[in-house]
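Take a look at the structure below.
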Amino acid sequence: MTRTMGVLGGKWKLILISHLGLRRVRFGQLAQRVPLISRKVLTEQLKELEDDGVVRREAFAELPPRVEYSLTERGLALLPILDQLSQWHCNAEPTPEPAA
719 MTRTMGVLGG KWKLILISHL GLRRVRFGQL AQRVPLISRK VLTEQLKELE
769 DDGVVRREAF AELPPRVEYS LTERGLALLP ILDQLSQWHC NAEPTPEPAA
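All residue numbers for the sequence shown refer to the numbering used here, where the first residue is 719 and numbers rise by one.
Next comes the structure, spelled out in structure tokens:
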């Protein structure tokens, strides 16, 4: 569990994995989809996920420079787990009590 949390722990990593999903996403698109994260932290989190084999970074030799991110097989294996976590949250959310 400690190794898993080392790879996936932190405030943003699971959110970024969720936003990548089954598609390729450019850096700017990710920054727009997760507006509360600074570009510096976004870069750091993506680099860590890349180093851990969860995210693939593809740089294109174009002007202006273009970089796309996608999930590796290891990252794709996390998607069903994230779906289960989402379902757990929906099922575990307390229902409001009726007003008296």
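Ideal Cβ placement from N, Cα and C applies to all residues, glycine included.
_Classification of Ile735 by the beta-carbon crowding that lies within 10 angstroms, buried from 16 upward_ = buried
*Do you know how far the Cα of Gly746 is from the Cα of Leu740?*
17 Å
*Roughly how many angstroms separate the alpha carbons of Leu764 and Arg721, rounded to a whole number?*
18 Å
*Who are the Cβ neighbours of Thr761 in its own chain at under 6 Å, not counting the five residues just before and after it?*
none
*Just checking my contact of Val885 with Leu738 at CB under 8 Å: how many whole Å lie between their CB atoms?*
The structure shown does not extend to residue 885, since the chain is modelled only from 719 to 818, so the question has no answer here.
_beta strand (DSSP E) segment containing Leu795, residue limits_ = A quick correction: the sequence has Ala, not Leu, at residue 795. Element bounds for Ala795: n/a, residue is neither H nor E.
*Starting from the C-beta of Leu789, find all residues in its chain whose C-beta is less than 8 Å away, skip the five residues before and the five after it, and write them out in chain order.*
Ile735, Leu738, Gly739, Leu740, Val772, Val773, Arg774, Leu796 and Leu797
_Quick check on DSSP: helix, strand or coil for Glu780?_
coil
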